[in-house]
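Position one of the sequence shown corresponds to residue 1 (UniProt numbering), numbered consecutively onward.
Using N, Cα and C, we set each Cβ at its ideal position, and we do this for glycine too.
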Amino acid sequence: MSDYLVIVESPAKAKTIGKYLGKKYVVKASMGHVRDLPKSQMGVSVEDNYEPRYITIRGKGPVLKELKTAAKKAKRVYLAADPDREGEAIAWHLAHSLNIDENSDCRVVFNEITKTAIKDAFKHPRPINMDLVDAQQARRILDRLVGYNISPLLWKKVKKGLSAGRVQSVAVKLITDREKEIQQFVPEEYWSITGTFLLGDEPFEAKFYGRNGKKESLTSEENVNEVLKQIKGKQFAVADVVKKERRRNPVSPFTTSSLQQEAARKLNFRAKKTMLIAQQLYEGIDLGKEGTVGLITYMRTDSTRISDTAKQETYEYIRSTYGEEYARKGERKQKQDKNAQDAHEAIRPTSVKYEPKQLKEYLSRDQLRLYRLIWERLVASEMAPAIMDTMTVDLENNGVKFRANGSKVKFPGFMKVYIEGNDDNKKEEDRLLPALAKGQQVEKTEVTPNQHFTQPPPRYTEARLVKTLEELGIGRPSTYAPTLDTIQRRGYVALDEKRFVPTELGEIVLDLIVEFFPEILDVEFTAKMEEDLDSIEDGRDNWISIIDQFYQSFEKRLKVAEEEMEEVEIKDEPAGEDCEKCGHEMVYKMGRYGKFMACSNFPECRNTKAIVKEIGVTCPTCKQGNIVERKSKKRRIFYGCDRYPDCEFVSWDKPISRPCPKCQGLLVEKKSKKGVFVACTSCDYEEEKQ
């Protein structure tokens with residue numbers, strides 16, 4: 001008979017903590033939840049105070065049988081699922097299945113899988129926290145009431161396989177509203193004038209600022225010509241020089257949301273992939289002789305704080321590696337989000353001693369990249385601010401003012417380790433100016449007018465959408481990745497150049513929900529519901545009353561929708577070509593990965609084809625076919641000849657139509673850290689992309 005049985009969610013986690021607990025402990029995995037609401041029916045008794053009916057999840061019978069056998073042999077059972085609502089609910093379901101008293105000290109929680117944290121956690125077991133369980137149950141039941149009532153209605157009125165949910169509907173609405181803004185956007189013309197100047201033989205640039213002592217916007221070519229006429233000669237006087245020292249503070253360690261955003265920007269990871277890899281790093285990686293080690297703290301958190309131990313260890317590392325001047329002086333000012341629960345620490349390495357370069361042989365490429373991001377972000381957050389020297393220079397000629405801005409890094413501080421990414425991929429770089437002084441004369445060598453047009457708001461990237469949902473208080477850290485995955489699988493949105501666009505199906509479903517269930521799409525209502533769930537977790541509200549408040553009005557709207565919602569026929573859009581197999585017309589269909597072509601004679605003919613996008617370039621290999629954009633099995637874009645398999649030309653880089661001016665070879669667009677440039681595939685010719 002074993003002394004103690006410990007149950008966690010995954011085999012990887014079981015292996016890691018089993019190493020720390022010793023021979024008296026047997027550690028087994030439940031493989032996630034063992035009980036849930038049935039898939040085939042609602043599973044919630046509205047008449048009986050929304051009582052849920054849980055059943056053993058299909059396929060979990062053998063796992064549960066093994067756990068019951070092990071529990072009978074053990075003197076005591078500990079439930080060590082993850083330290084959040086979901087983990088608490090898993091522990092509660094296990095307690096019910098294994099006949100463990102939920103009020104006994106059976107629950108063990110830890111925020112990092114390290115020897116110290118595990119040993120300490122088992123010294124302080126506690127009863128199952130029913131407030132956490134009730135909050136998870138409330139969300140589950142609430143989503144079930146919405147989904148299992150609206151979805152059948154959508155199947156009946158629109159098409160089978162559709163679904164509706166609180167957070168996913170708001171996400172689709174944000175994407176659709178943004179698309180409408182873009183379509184309705186009216187560009188406005190504006191101009192700028194860039195001047196090139198010389199101080200001695202040192203060139204620098206300045207931009208038109210204003211005239212006759214006032215700042216001025218250029219809205220037309222006529223404005224530009226007026227400015228150019230007012231400039232007399234080539235000499236400009238240095239009217240003013242302002243030098244300042246600017247401090248730039250490091251960003252805080254990662255929350256779940258900020259990790260998903262930064263991994264999308266810097267690593268091109270989808271939210272789902274980020275969370276999957278973070279889970280692997282948290283549960284433990286085999287480090288050879290050292291055994292299996294949990295490399296990061298718990299990855300579902302909305303807090304930016306770190307423990308005193310982590311601060312001290314990071315401080316010592318910075319001081320010994322970079323020098324005393326690089327270490328932060330004083331406490332980091334924390335700007336906590338008003339919606340943050342602050343239940344766990346920020347996402348950080350369990351120990352800074354595990355430097356990324358030392359783990360290269362033990363981690364996969366993607367694991368190493370994500371771990372490096374987390375490690376660098378923590379170290380940078382405890383480093384000194386960067387100090388920038390900035391310089392603003394005003395140049396004048398006959399009342400026309402040009403302004404030049406320059407900056408350089410005086411002391412890199414945290415920037416020596418890490419610089420936060422941004423959604424627009426703008427690169428930080430020094431813009432140096434000559435040693436200019438007030439009263440000097442500089443010579444104008446060239447002035448270039450440039451016409452511009454205002455741009456519509458950008459479509460949402462995954463990072464930008466997660467950030468917006470978080471700012472609006474919609475959803476919680478654990479909901480973002482599955483939400484984005486669901487709206488794509490349902491065909492409500494598609495990705496176009498890594499940005500979300502709504503599909504026709506998404507717009508149709510959204511219009512119906514707006515008409516009949518407006519509260520589900522009301523941002524304030526949905527954010528308030530998240531606050532209500534938090535209040536259940538804190539023990540301030542009863543879960544039954546919160547659900548009842550929602551369902552009373554929802555049920556009335558549901559009855560109206562069932563009577564008044566009209567059937568919508570989604571007509572297939574003709575593709576403009578005939579099926580090569582049976583001669584019937586090909587039509588556009590919407591699938592999981594966006595649009596594709598299918599035969600209108602389905603199901604008699606099941607012919608389908610990918611939509612081919614030509615880029616206007618003749619194949620350089622066969623000289624007959626056209627280069628088209630294709631997608632690999634992993635959805636990565638590449639370029640190939642449309643005569644494949646007769647011609648096997650392929651390229652990851654996008655070919656362009658004109659030949660290399662140096663050797664007449666194929667030019668392609670290439671990407672680097674500095675942006676996109678054009679290069680020849682046959683020689684060393686390169687140029688900036690126009």
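**Message:** I'd like to confirm the pairing. Which residues does DSSP put opposite Trp92 in its beta bridges?
**Reply:** Numbered from its first residue, the sequence shown carries residue 92 at position 92. Partner(s): none; Trp92 has no beta bridge.
**CB contact flag (Tyr78, Val109, <8 Å)** = For the purposes of this step, residue 78 is identified with residue 78 of the sequence shown, where counting begins at 1. For the purposes of this step, residue 109 is identified with residue 109 of the sequence shown, where counting begins at 1. No. Outside cutoff.
**Message:** Within the continuous beta strand (DSSP E) that includes Ser192, where are the two ends?
**Reply:** Residue 192 sits at position 192 when you count from the first residue of the sequence shown. Counting along the chain, the beta strand (DSSP E) containing Ser192 begins and ends at 189 to 199.
**Message:** Given this structure, state the Cα-to-Cα distance separating Glu504 from Glu563, to the nearest angstrom.
**Reply:** For the purposes of this step, residue 504 is taken as the residue at position 504 of the sequence shown. For the purposes of this step, residue 563 is taken as the residue at position 563 of the sequence shown. When rounded, the distance between both Cα atoms is 24 Å.
**Request:** Grab me the residues of Arg348's own chain with a C-beta within less than 7 Å of its C-beta, minus the 5 sequence neighbours each way, in chain order.
**Result:** Position 348 of the sequence shown, counting from 1, holds the residue named residue 348. Only Pro253, Ile296, Thr297, Ile306, Ala310, Ile374, Leu378 meet the Cβ criterion.
**Bridge-paired residues (DSSP) for Ile231** = Start at 1 with the first residue of the sequence shown, and residue 231 comes out as number 231. BP columns for Ile231 are empty, so no partner.
**Message:** Looking at Thr56: is its Cβ nearer than 8 Å to the Cβ of Leu64?
**Reply:** Counting from 1 along the sequence shown, the entry for residue 56 is found at position 56. Counting from 1 along the sequence shown, the entry for residue 64 is found at position 64. Against a cut-off of 8 Å, the Cβ pair of Leu64 and Thr56 comes out as a contact.
**Prompt:** Can Leu484 and Phe197 be called in contact, C-beta distance under 8 Å?
**Reply:** What you label residue 484 is simply residue 484 of the sequence shown in a count that begins at 1. What you label residue 197 is simply residue 197 of the sequence shown in a count that begins at 1. No, the Cβ-Cβ distance between Leu484 and Phe197 is not below 8 Å.
**Request:** Measure the Cβ-Cβ separation of Ala264 and Ala463 and say whether it is below 8 Å.
**Result:** Indexing the sequence shown from 1 puts residue 264 at position 264. Indexing the sequence shown from 1 puts residue 463 at position 463. Yes.
**Prompt:** Taking the Cβ atom as the reference point for each residue, do Phe517 and Ile175 lie within a distance shorter than 8 Å?
**Reply:** Position 517 of the sequence shown, counting from 1, holds the residue named residue 517. Position 175 of the sequence shown, counting from 1, holds the residue named residue 175. No, these two residues do not count as a Cβ contact at 8 Å.
**Request:** Have a look at Cys599 and Leu510 and give me their C-alpha separation to the nearest angstrom.
**Result:** The sequence position of residue 599 within the sequence shown is 599, counting from 1. The sequence position of residue 510 within the sequence shown is 510, counting from 1. Taking the straight line from one Cα to the other gives about 28 Å.
**Request:** Please classify Ile546: is it buried, with 16 or more other beta-carbons within 10 angstroms of its beta-carbon, or exposed?
**Result:** Counting from 1 along the sequence shown, the entry for residue 546 is found at position 546. When all chains shown are included, Ile546 counts as buried.
**Prompt:** Relative to the alpha-carbon of Pro38, which residue among Ser45, Ser651, Arg53 has its alpha-carbon at the smallest distance?
**Reply:** Reading the sequence shown from its first residue, position 38 is the one you call residue 38. Selected option, being the one with the closest Cα: Arg53.
**Request:** In angstroms with no decimal places, state the Cα-to-Cα distance between Glu519 and Ala70.
**Result:** Against the sequence shown, residue 519 aligns to sequence position 519. Against the sequence shown, residue 70 aligns to sequence position 70. In a straight line, the C-alpha of Glu519 is about 48 Å away from that of Ala70.
**Request:** Note down the Cα distance separating residue 748 from Leu370, rounded to an integer number of angstroms.
**Result:** The question about residue 748 has no answer here: the residues shown for the chain are numbered 1 through 690.
**Request:** Look at Lys294 and Thr16 and say whether their C-beta atoms are less than 8 Å apart.
**Result:** As a first step, residue 294 is located in the sequence shown; it is residue number 294 there, counting from the start. As a first step, residue 16 is located in the sequence shown; it is residue number 16 there, counting from the start. Lys is not the amino acid found at residue 294; the sequence shown has Gly there. In this structure, Thr16 lies closer than 8 Å to Gly294 by Cβ.
**Message:** Bridge partners for Leu667 per DSSP, in chain order?
**Reply:** As a working mapping, residue 667 is identified with position 667 in the sequence shown. Partner(s): Cys680.
**Request:** Using beta-carbon positions only, say whether Ser381 and Pro477 come within less than 8 Å of one another.
**Result:** Counting from 1 along the sequence shown, the entry for residue 381 is found at position 381. Counting from 1 along the sequence shown, the entry for residue 477 is found at position 477. The answer is no: Cβ separation not under 8 Å.
**Prompt:** Pick from Ala384, Ala346, Thr350, Tyr362: whose alpha carbon is nearest that of Glu331?
**Reply:** Start at 1 with the first residue of the sequence shown, and residue 331 comes out as number 331. Glu331 has its Cα closest to that of Ala384, out of Ala384, Ala346, Thr350, Tyr362.
**Request:** Within 10 angstroms of the Cβ of Leu363, are there 16 or more other Cβ atoms? Answer buried if so, exposed if not.
**Result:** Walking along the sequence shown from the start, residue 363 turns up at place 363. Under this definition Leu363 is a buried residue.
**Prompt:** CA-CA distance, Gln341 and Ala135?
**Reply:** To locate residue 341, count along the sequence shown from 1; it is residue 341. To locate residue 135, count along the sequence shown from 1; it is residue 135. Since pLDDT at Gln341 reaches only 48, below the 50 mark, its modelled position is unreliable, and the value read off the structure follows with that caveat. Rounded to whole angstroms, Gln341 to Ala135 spans 13 Å at the Cα level.
**Asked** Per DSSP, what kind of secondary structure is Ala340 in: helix, strand or coil?
**Response** Translated into the one-based positions of the sequence shown, residue 340 becomes position 340. Annotation note: pLDDT 49 at Ala340 (below 50); position unreliable, coordinate value reported separately. In the structure shown, Ala340 sits in coil (DSSP, three-state: anything other than H, G, I, E or B).
**Prompt:** Count the other CB atoms within 10 Å of the CB of Leu228; is the residue buried (16 or more) or exposed (fewer)?
**Reply:** Locating residue 228 in the sequence shown gives position 228, counting from the first residue. Classification for Leu228: exposed.
**Request:** Could you check if Cys663 is buried or exposed, using at least 16 other CB atoms within 10 Å of its CB as the buried criterion?
**Result:** Residue mapping note: residue 663 aligns to position 663 of the sequence shown, counting from 1. Exposed, by the Cβ-count rule.
**Request:** With a 10 Å radius around its C-beta and 16 neighbouring C-beta atoms as the bar for buried, classify Gly18 as buried or exposed.
**Result:** In the sequence shown, residue 18 corresponds to position 18, counting from 1. It counts as buried.
**Prompt:** DSSP beta-bridge partners for Ile627?
**Reply:** What you label residue 627 is simply residue 627 of the sequence shown in a count that begins at 1. Cys641.
**Prompt:** Expressed to the nearest angstrom, what Euclidean distance is found between the alpha-carbon atoms of Val352 and Glu471?
**Reply:** As a working note, residue 352 is residue 352 in the sequence shown. As a working note, residue 471 is residue 471 in the sequence shown. Each residue's Cα considered, the two are about 31 Å apart.
**Request:** Evaluate residue 693 with the Cβ neighbour count: other Cβ atoms within 10 Å of its Cβ, from every protein chain shown; 16 or more gives buried, anything less gives exposed.
**Result:** With the chain running from 1 to 690 in the structure shown, residue 693 is simply not present.
**Prompt:** Quick one: Cα of Thr194 to Cα of Val650, how far?
**Reply:** The residue given as residue 194 occupies position 194 in the sequence shown. The residue given as residue 650 occupies position 650 in the sequence shown. Straight-line Cα distance between these residues: approximately 41 Å.
**Asked** For Asn225, which three-state DSSP category applies?
**Response** As a working note, residue 225 is residue 225 in the sequence shown. DSSP places Asn225 in helix when its eight states are reduced to three.
**Request:** Leaving out five residues on either side along the sequence, give the residues of the same chain with a beta carbon under 7 Å from the beta carbon of Gln168.
**Result:** As a first step, residue 168 is located in the sequence shown; it is residue number 168 there, counting from the start. So the qualifying residues of the chain are Thr483, Thr486, Ile487.
**Item:** Helix, strand or coil at Lys215 according to DSSP, with G and I counted as helix
**Value:** Numbered from 1 along the sequence shown, position 215 holds the residue referred to as residue 215. Of the three classes helix, strand and coil, the one that applies to Lys215 here is strand, per DSSP.
**Asked** Rounded to a whole number of angstroms, what is the C-alpha to C-alpha distance between residue 705 and Thr526?
**Response** With the chain represented from 1 up to 690, any question about residue 705 goes unanswered, as that position is not in the structure.
**Request:** Throw me the rounded Cβ distance for the Arg459 and Arg178 pair, which I believe falls under 8 Å.
**Result:** Here residue 459 refers to the residue found at position 459 when the sequence shown is read from its first residue. Here residue 178 refers to the residue found at position 178 when the sequence shown is read from its first residue. Their Cβ separation, rounded to whole angstroms, is 6 Å, which keeps Arg459 and Arg178 in contact under 8 Å.
**Request:** State the Cα-Cα distance for the pair Val238 and Gln440, rounded to the nearest angstrom.
**Result:** For the purposes of this step, residue 238 is taken as the residue at position 238 of the sequence shown. For the purposes of this step, residue 440 is taken as the residue at position 440 of the sequence shown. So the alpha carbons of these two residues sit roughly 5 Å apart.
**Prompt:** Over what stretch of residues does the beta strand (DSSP E) that includes Arg617 continue unbroken?
**Reply:** Within the sequence shown, residue 617 is the residue found at index 617, counting from 1. Residue 617 is actually Val in this sequence, not Arg. From DSSP, the beta strand (DSSP E) with Val617 extends over 613 to 618.
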